[in-house]
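One structure below.
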Amino acid sequence: MIPKYVFATRVRANIRRLRGPLPDEAVRRQTLAISEQLVPACTELCSQEKPQPSLLFEEHQTGVMDSKYQAQACKWRFNSSRNACSNGQLKVDRIFFHTYKDAKPVMRSNGATDVVQYLQQRDAQVNYSDYLKMLKRCIEVKDLLAGRQVHQHIIQHSMLPDQYTVNALINMYLHCGSLEEAQQVFDQLERSVHSWNAMVAGYAQYGHVDKAFTLLRQMQEEGLNPDRTTFMSFLNACKSPGALEWGREVHSQATNAGLLSDVRVGNSVLNMYAKCGSIQEARKVFDKMERRTVVSWTMMIGGYADSGRSQAAFDAFQKMQQEGVEPNQITYMSVLNAFSTPAALEWGKAVHAHIVNAGYESNIVVGTALVKMYAKCGSYKDCRQVFEKLVNRDLIAWNTMIGGLAEGGAWEEASEMYHQMQREGIMPNKVTYVSILNACVNSASLRWGKEIHSRVIKAGFISDLSVANALISMYSRCGSIKDARLVFDKMVRRDVISWTAMIGGLAKNGLGAEALAVFQDMQRAGVEPNRVTYMSILNACSSPAALDWGKRIHLQVIEAGLATDTHLGNTLVNMYSTCGSVQDARQVFDRMAKRDVVAFNAMIGGYAAHSLGKEAVKLFNRMQEEGLKPDKVTYMNLLNACANSGSLEWAREIHTLTVTDGLLSDVSVGNALSSTYARCGSFRDAQLVFEGMSKRNVISWNAMIGGLAQHGRGQDALQLFERMKKEGVRPDVVTFVSVLSACSHAGLLEEGRRYFASMTQDFDITPTIEHYGCMVDLLGRAGQLDEAEALIKKMPLQPNTMILGALLGACRIHGNITVAERAAESSLKLDPDNAAVYVVLSHMYAAAGMWDSSTKVRRLMEQRGITKEPGRSWIEVDGKLHYFVAEDRSHPQAEKIYAELEGLIHRIKSEGYVPDTRLVMHDVNEQEKENAVCRHSEKLAITFGLMTTPVGSPIRIFKNLRVCTDCHTATKFISRIVGREIVARDANRFHHFKDGICSCGDYW
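Spelled out as structure tokens, the structure:
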């Protein structure tokens, strides 16, 4: 008699033989013979109906089970008729035991090891109840290997799993993260509604909402109606804006099925809309519910909290009590989670009072939520008091307290609490370390982050995936990308979060090429990107050179079914704008199914970055027409648009709107206003905003120092820097760029040298390429070209086109062709298509009368297809920008402008002005050269300003390139003869012309 499990044993042996040699040659030969008998039998049965289960247990006195019956049993158990046979051959290794390929008696936990030992001891004496218990244990400890052993044992002993065991196997594979194996068990067995529910829930739980939705459709196509559990499983998994459309579809199906009257289904729909960010739709569902339980109210409050609507959450909390619904501990946790800023502290205290009256203050869960709320609101005194009152402080409470202190920058207090926790006998766990690491958000907290890293190693948590991921994120946020990469490279196992953290860190630190390389490695490793991964890698595409990569990733986003995700849409708009393709950005924006404030902000920001102020303002008006309330980011983007275009009138209108919306007290808005006024040429307005700010940070000071530097007020900039230090504000990297720039524009050579040395000596700031660029510019302007060139050679950084351009510009000022040629050669090696290098060199040759060399450079430009950016100037009159190009007559008032300009040139010539014809690169006669320089765009804009603005008022013009020496000289003469101040902003700085004198002192 052959035991009834002999078939499974032999097939198992055959499969193992296919994967590698067997130690027992006799077994190998026997298995091969049986397999050869099975192939024709399986081929014959592929189209037959399902046999009777009793056939599986058929035994034969001959000593060999009939191969046809074996194949019938095989088909019945594994549903191989559709997917097992191809061209008459049975794919044995895939159909039967693919789940065994990694099954080894090496377990991750004692609990799972116990499962395997139990199986080995009992051998075949295991019933369904035992299997269910063991599979449940595998789920609890998430041990996939042990689960595979249980599955193997079931098949080895020819157990025909009942529906409960099948569902348990599916759940085990799902909970252990093996969706593929769960799907194969699901495909190979007869399915019930419970099986479908398990698979739908499993895919949804692991973020594969698209696959879960496909299964839901397939289930209906096969004639099975989803039940309440199916809908709830799917709806509860829709947790991001990208799943909103699927959620809406299932909401409609649940309504048609008449299930929405079930309060649990209604709550699931409500929760889906809240989690997907559609709080308005969540509120509509909530308002229509016939019966609202405490769960309904809690979900609504949680939705408000997640969307940042603190007051709405507090109002709902009060309303539920007015309707006689008492909050539970989850309600308290949800409403407390809504309060995360100092402005919400009073609401938090009101809820705290209610908690005390309700007797929940001693509840460890609610108490911990209170600790977290007070920490987020910055009230560390209240936070500590609540914490001290907790009777049984568990690890979660300690983690919350330490994380809250660390997040608020109270590192010493956090460190003390960390040690106190251990003195009280509570050892930190991985959550402790992760919460502290997540609170390290900038370079100031890097030292603390490194200390925690060393403690993580000592505690033995360095191999934990979540801790390693937190370390990567911490180092990336703190600017130590090398340390982040070291942690990443040492990881034995990486998940999608690990890859995403590394990609995001590289992108944030300006290493786009490296981020793209890691993204490619991730895909080669078979790790599927998620929406956050795509957002991170799109942020790495931040220059025109990366546009093609951005388009490829956009295509992948579409193929992944994430094109409707609002957050990804916003990121795509930003990517295209940053890469210089505003049209593509607008196409993505217009195609978005739902445009929120963030989407409008991204598009307005794109227009602002490309000096398209008019389009930015139009979109702002449309945003308001669609009922969206601008936030501070909207106004900051609009102010940037005003600054880039130089629109002072628009800036003042935006200023008024920020006052109306109560945003003027926000320090970032104040900084943006101050910077915008300075960049629009009204430094008086900039100073008024700065001095009126109730709170200033280092960015505020940097903006003002930089503004003074741009306006040529170098000494004032240095005085403000000294005032900043006296007020206890520590300068940063950007501060010293502004300070050194001020020294450069004002010709303060010795002061610049002193501040450059002070960076390292007094503030431990390592000079960046921008600082070296300022020093090269300073030395070059002062005529110290040899010293400037020597500094470039000895600096510890590789020179870039910016620093070489500064040297080249200084050579033009001083007419040093020898050094200019060396600088140009080095610059063109880095960027052969840099038009500015060719233009400067050609100008220098022309000015020196080296016409052959000048012509040669211009021909080289033509051969390489390099074009010079045309110079253009513009002026704002009555809220409208008027643009001018040299010798252009497209303006409606061109004839009048040119007539006025001719008279103006005649007047300043009589005062001593002589056109500088050396600037003309073409070898033409003197009169043609004079006509060319006298019709530059700056002169046209100034002339139009004199024609259209009130007599005596300042004239403000803007130019996209550096103002030429002839226009600079001519403007000094014009300011004197017309008696008006003329403010000109070029690509480098501001020039204030008054009474024939420029604020730059001709040092520019």
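Under UniProt numbering, the residue at position 619 of the sequence shown is numbered 619, and the numbers go up by one with no gaps. Note that beta-carbon positions come from the ideal geometry of N, C-alpha and C, so glycine has one too.
Cutoff 8 Å: residue i Cβ touching any chain D Cβ
{"i": "E361", "result": "Note that chain D does not occur in the displayed structure, where there is just one protein chain."}
Cβ pair residue i, residue j closer than 8 Å
{"i": "K135", "j": "A168", "result": "First, the residue type needs correcting, since residue 135 is Leu and not Lys in the sequence shown. For L135 and A168, yes; Cβs fall inside 8 Å."}
{"i": "V857", "j": "L841", "result": "yes"}
{"i": "M474", "j": "W499", "result": "no"}
{"i": "K430", "j": "D464", "result": "yes"}
{"i": "I503", "j": "I537", "result": "yes"}
{"i": "I481", "j": "S435", "result": "no"}
{"i": "E981", "j": "F990", "result": "no"}
{"i": "I301", "j": "A313", "result": "yes"}
{"i": "S826", "j": "P870", "result": "no"}
{"i": "G752", "j": "L785", "result": "no"}
{"i": "A608", "j": "A560", "result": "no"}
{"i": "G613", "j": "N644", "result": "yes"}
{"i": "A987", "j": "L961", "result": "yes"}
{"i": "V285", "j": "G258", "result": "no"}
{"i": "S307", "j": "G277", "result": "yes"}
{"i": "Y576", "j": "I553", "result": "no"}
{"i": "residue 1023", "j": "L628", "result": "Since the first and last residues shown for the chain are 1 and 1004, residue 1023 lies out of range."}
Range of the contiguous alpha helix (DSSP H) that encloses residue i
{"i": "Y898", "result": "A894 to S910"}
{"i": "E770", "result": "I769 to R781"}
{"i": "S665", "result": "Counting along the chain, S665 falls outside any alpha helix (DSSP H), and DSSP gives it neither H nor E."}
{"i": "E346", "result": "L345 to A358"}
{"i": "T867", "result": "Unbroken run through T867: none, as it is neither H nor E."}
{"i": "N574", "result": "T566 to T578"}
{"i": "C176", "result": "That residue, C176, is in no alpha helix (DSSP H); it is neither H nor E in DSSP."}
{"i": "H251", "result": "L244 to N256"}
{"i": "F231", "result": "R228 to A237"}
{"i": "M522", "result": "G512 to R524"}
{"i": "G692", "result": "F683 to G692"}
{"i": "L830", "result": "I817 to L830"}
{"i": "Q784", "result": "That residue, Q784, is in no alpha helix (DSSP H); it is neither H nor E in DSSP."}
{"i": "R477", "result": "L465 to R477"}
Endpoints, the beta strand (DSSP E) within which residue i is located
{"i": "K880", "result": "K880 to V885"}
{"i": "R191", "result": "Segment: none, R191 is in no beta strand (DSSP E) and carries neither H nor E."}
{"i": "E876", "result": "R872 to V877"}
Which listed residue (the options) has its alpha carbon closest to that of residue i
{"i": "F213", "options": "G247, A717 and L830", "result": "G247"}
{"i": "G815", "options": "G773, R918 and D831", "result": "R918"}
{"i": "A703", "options": "R730, S738 and G945", "result": "S738"}
{"i": "L460", "options": "G865, R137, M427 and S536", "result": "In the sequence under discussion, the amino acid at residue 460 is Gly, which differs from the Leu named in the question. Minimum Cα distance to G460 is reached at M427."}
{"i": "V734", "options": "I769, S910 and L562", "result": "I769"}
{"i": "K506", "options": "K490, L486 and G979", "result": "For clarity, residue 506 is Leu in the given sequence; the question names Lys instead. Residue L486 is the option with its Cα nearest to L506."}
{"i": "T949", "options": "R962, V978 and Q927", "result": "V978"}
{"i": "K909", "options": "I457, S454, S192 and F973", "result": "F973"}
{"i": "residue 1006", "options": "L718, K725, P767 and M724", "result": "No information on residue 1006 is available, as it lies outside the stretch 1 to 1004 that the chain covers here."}
{"i": "N236", "options": "S261, H208, N225 and I472", "result": "H208"}
{"i": "C680", "options": "E926, V633, G202 and P954", "result": "P954"}
In chain order, which continuous runs of the alpha helix (DSSP H) of length 4 or greater are located wholly inside the stretch 703 to 760?
714 to 726 and 733 to 746
Can you give, in chain order, each stretch of the beta strand (DSSP E) that sits fully within the stretch 404 to 461 and has at least 3 residues?
As far as the stretch 404 to 461 is concerned, it has no whole beta strand (DSSP E) run of at least 3 residues.
For the stretch 739 to 750 against the stretch 703 to 719, do three or more pairs of beta-carbon atoms, one drawn from each stretch, fall closer than 8 Å, so that the two count as touching?
yes
Do the stretch 747 to 759 and the stretch 787 to 796 make contact, defined as three or more Cβ pairs closer than 8 Å?
no
Touching by the beta-carbon criterion (3+ pairs, under 8 Å), the stretch 887 to 900 and the stretch 936 to 955:
A contact is defined here as three or more CB-CB pairs under 8 Å, and the stretch 887 to 900 meets this definition with respect to the stretch 936 to 955.
Given 8 Å as the limit, is there contact between the stretch 219 to 226 and the stretch 568 to 575, that is, 3 or more CB pairs closer than that?
no
Can you give, in chain order, each stretch of the alpha helix (DSSP H) that sits fully within the UniProt domain "DYW" (912 to 1004) and has at least 4 residues?
The UniProt domain "DYW" (912 to 1004) contains these whole alpha helix (DSSP H) runs: 926 to 934, 937 to 948 and 965 to 978.
Any chance the stretch 398 to 406 sits against the stretch 356 to 366, with 3 or more Cβ pairs inside 8 Å?
The stretch 398 to 406 is not in contact with the stretch 356 to 366.
Count the CB pairs spanning the stretch 692 to 703 and the stretch 663 to 678 that are closer than 8 Å, and state whether there are at least three.
yes
At a cut of 8 Å, does the stretch 526 to 536 reach the stretch 480 to 496 through at least three beta carbon pairs?
yes
Decide if the stretch 826 to 841 is in contact with the stretch 901 to 908; the criterion is three or more beta carbon pairs, one per stretch, under 8 Å apart.
no
Only counting runs of 4 or more residues, tell me where the alpha helix (DSSP H) segments fall wholly within the stretch 364 to 401, in order along the chain.
Taking only runs of at least 4 residues, the alpha helix (DSSP H) segments lying wholly in the stretch 364 to 401 are 364 to 376 and 380 to 389.
Any contact between the stretch 849 to 856 and the stretch 820 to 835? By contact I mean 3 or more CB pairs, one from each, below 8 Å.
Contact between the stretch 849 to 856 and the stretch 820 to 835 is absent, because fewer than three Cβ pairs lie under 8 Å.
Complete runs of the alpha helix (DSSP H) confined to the UniProt repeat "PPR" (596 to 630) [at least 4 residues]:
597 to 609 and 613 to 625
Is there contact between the stretch 228 to 238 and the stretch 248 to 262, where contact requires at least three CB pairs shorter than 8 Å?
yes
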